[in-house]
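**Student:** So the sequence shown is numbered by the working numbering: it starts at 8 and just counts up by one. First the structure, then my questions, so here it is.
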Amino acid sequence: MVMRITNNMMVNNLMRNLYRNMNVLDETEEKLASGRTVQVPSDNPIAVTNTLRWRTNLAEVNEYLEKVREAGNWLNTADSALDSLTSILQRVRELTVYGANGSLAPTDRAAIAKEVDQLAEQVGQIANTTYGAKYIFGGTNTTAPPYDPTTYDLSTGTGWQGNDQEFRLEVAQGALLTVNSPGSVIFNGTGGTPRLFKVLKDLSDNLVSGDTAGLNQRLQEIDQNIDNVLNERAVVGAKLNRLELHQTRLEDLEKNYTELLAQSEDADLAEVIMNLKMQENVYRASLAAGARIIQPTLVDFLR
């Protein structure tokens, strides 16, 4: 039995092929416009799953990187403050040695005491160092200055507004880093070091009164405080080194996940352009073939 091919059948086949070629052309144009290989999940479920995984991993890495940089800024601020404090205490030590010279006149000792008082004010400013709007030496009490000279009791150390609690940031999965330095240990003698503000006040009084024995005692206390500050700077330096390792690792992961994400969702533009030209040619060829295949109508014969 011979199947009769009608004009309608040829037209329907032609239109079906044209629509298919048109859809492929449209999809290729979308890839070129968006720069992505997948437009909807059904295009490539595996690629979509991989893309979601890499995006999640990349977002997590970027979050940790932000915390690492925050911790680094915090610690660098503390290191700079402790560096300034070390310089001040070394100057105080020089003044103490000079002031212990028994041949100095009272006016000379008074002038030295005045400089010590000025340096003590600078120490108070360092104790209230901030990073952003947070006081870095106040423990977890970061919203209020830990040192207030109007309420601080030199003899007992009461009135220190900070606490000894740790301010920690998660710089990697399961890795918590304490970023604050214990201000109470540095300035208020919590760790056994003579209270710094009291040492400076006693030093000023000893200079004015010419108390050589007291000055010698202050010299020992100043040395203890210098060692205390240097020890804390070493702790801060070790934390910065640890942060650098975390940052290097996270930046490597960021680069890796970014590349994987690009491989998963970014289109190869050169390949897409080549495919687009090919699909355009296919579509034009379909139109040309259709024009030749469809038989002329009765109207064409009557012309």
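Just so you know, even glycine gets a beta-carbon here, dropped at the ideal spot from N, CA and C. Since we're looking at a predicted model, the values are computed, not measured.
(1) Which first and last residues belong to the beta strand (DSSP E) in which Val178 is found?
(2) Between the beta-carbon of Ala88 and the beta-carbon of Thr150, is there less than 8 Å?
(3) How would you call Ser49, buried or exposed, if buried means at least 16 neighbouring beta carbons within 10 angstroms?
(4) Can you find the residues in the same chain that come closer than 7 Å, C-beta to C-beta, to Glu177, ignoring five residues on each side of it along the sequence?
(5) Skipping 5 residues on each side, what residues in its chain have a beta carbon closer than 8 Å to that of Pro72?
(6) With respect to the beta strand (DSSP E) encompassing Thr4, which residues constitute its N-terminal and C-terminal limits?
(7) Would you identify the three-state DSSP class for Leu184, choosing helix, strand or coil?
(8) Rank Asp230, Leu222, Thr63, Thr197 by C-alpha distance to the C-alpha of Gly106 and give the top, closest one.
(9) What residue does the alpha helix (DSSP H) around Asn213 start on, and which one ends it?
(10) Under a Cβ-count criterion, where at least 16 other Cβ atoms within 10 Å of its own Cβ denotes burial, should Asp230 be classed as buried or exposed?
(11) Does Asp155 come out as helix, strand or coil in the three-state DSSP assignment?
(12) With a threshold of 6 Å on Cβ separation, who are the neighbours of Ala179 within its own chain once the five nearest residues in sequence on each side are excluded?
(13) Less than 8 Å between the C-beta atoms of Phe204 and Leu161, yes or no?
(14) May I have the straight-line CA-CA distance separating Glu251 from Gln168, to the nearest angstrom?
(15) Where Ser216 and Leu102 are concerned, what is the direct C-alpha to C-alpha distance, given to the nearest angstrom?
(16) Rounded to the nearest angstrom, how far is the Cβ of Leu126 from that of Arg98, given a contact under 8 Å?
(17) Check the DSSP bridge columns for Lys141 and list the partner residues they point to.
(18) Mark Arg202 as exposed unless 16 or more other C-beta atoms lie within 10 angstroms of its C-beta, in which case mark it buried.
(19) Can you name, in chain order, every residue of its own chain whose Cβ lies under 7 Å from the Cβ of Thr147, other than the five neighbours on each side?
(20) My output table needs one value for Asp171: the three-state DSSP class, helix, strand or coil.
(21) Kindly list the residues whose CB is nearer than 6 Å to the CB of Thr197, restricted to its own chain and excluding five residues on each side of it in sequence; keep chain order.
(22) Tell me which residues share the same chain as Trp81 and place their Cβ nearer than 6 Å to its Cβ, disregarding the 5 neighbours each side in the sequence.
**Tutor:** To lay it out plainly:
(1) Residue numbering aside, residue 178 sits at position 171 when the sequence shown is read from its first letter. 175 to 179 is the extent of the beta strand (DSSP E) around Val178.
(2) Residue mapping note: residue 88 aligns to position 81 of the sequence shown, counting from 1. Residue mapping note: residue 150 aligns to position 143 of the sequence shown, counting from 1. No; because the gap between Cβ atoms is not below 8 Å, this pair is not in contact.
(3) Against the sequence shown, residue 49 aligns to sequence position 42. Here the model assigns Ser49 a pLDDT of 47, short of 50, so the residue's position is not dependable, and the following value carries that caveat. Ser49 comes out exposed.
(4) Along the sequence shown, read from residue 1 onward, the residue named residue 177 stands at position 170. Taken in chain order, the residues that qualify are Lys74, Leu183.
(5) As a first step, residue 72 must be located in the sequence shown, where it is residue number 65. Pro is not the amino acid found at residue 72; the sequence shown has Leu there. Taken in chain order, the residues that qualify are Gln254, Leu257, Glu258, Glu261.
(6) Absent from the structure is residue 4, since the part of the chain shown begins at 8 and ends at 310.
(7) Counting from 1 along the sequence shown, the entry for residue 184 is found at position 177. Residue state, collapsed to three classes: strand.
(8) Working through the sequence shown from its first residue, we reach residue 106 at position 99. Selected option, being the one with the closest Cα: Leu222.
(9) Position 206 of the sequence shown, counted from the first residue, corresponds to residue 213. Here the alpha helix (DSSP H) through Asn213 covers 203 to 216.
(10) What you label residue 230 is simply residue 223 of the sequence shown in a count that begins at 1. It counts as exposed.
(11) To locate residue 155, count along the sequence shown from 1; it is residue 148. Of the three classes helix, strand and coil, the one that applies to Asp155 here is coil, per DSSP.
(12) By one-based count along the sequence shown, residue 179 stands at place 172. Cβ within range, chain order: Tyr71, His253.
(13) Taking the first residue of the sequence shown as 1, we reach residue 204 at position 197. Taking the first residue of the sequence shown as 1, we reach residue 161 at position 154. Yes; because the gap between Cβ atoms is below 8 Å, this pair is in contact.
(14) For this step, residue 251 is matched to residue 244 along the sequence shown. For this step, residue 168 is matched to residue 161 along the sequence shown. For Glu251 and Gln168, the distance between alpha carbons rounds to 32 Å.
(15) Position 209 of the sequence shown, counting from 1, holds the residue named residue 216. Position 95 of the sequence shown, counting from 1, holds the residue named residue 102. Near 15 Å, if we compare the C-alpha coordinates of Leu102 and Ser216.
(16) Position 119 of the sequence shown, counted from the start, is the residue given in the question as residue 126. Position 91 of the sequence shown, counted from the start, is the residue given in the question as residue 98. 6 Å between Cβ atoms; contact.
(17) Locating residue 141 in the sequence shown gives position 134, where the first residue counts as 1. In the DSSP output, where bridge partners are listed per residue, Lys141 has Tyr138.
(18) On the sequence shown, position 195 is the one that residue 202 refers to. So Arg202 counts as buried.
(19) Residue numbering aside, residue 147 sits at position 140 when the sequence shown is read from its first letter. These residues qualify, in order along the chain: Asn170, Gln172, Phe174.
(20) On the sequence shown, residue 171 is found 164 positions in, with the first residue counted as 1. Three-state DSSP puts Asp171 in coil, outside helix and strand.
(21) On the sequence shown, residue 197 is found 190 positions in, with the first residue counted as 1. If we look at Thr197 and ignore the five residues flanking it on each side, its Cβ neighbours are Ser191.
(22) The residue given as residue 81 occupies position 74 in the sequence shown. Contacts found: Tyr138, Val186.
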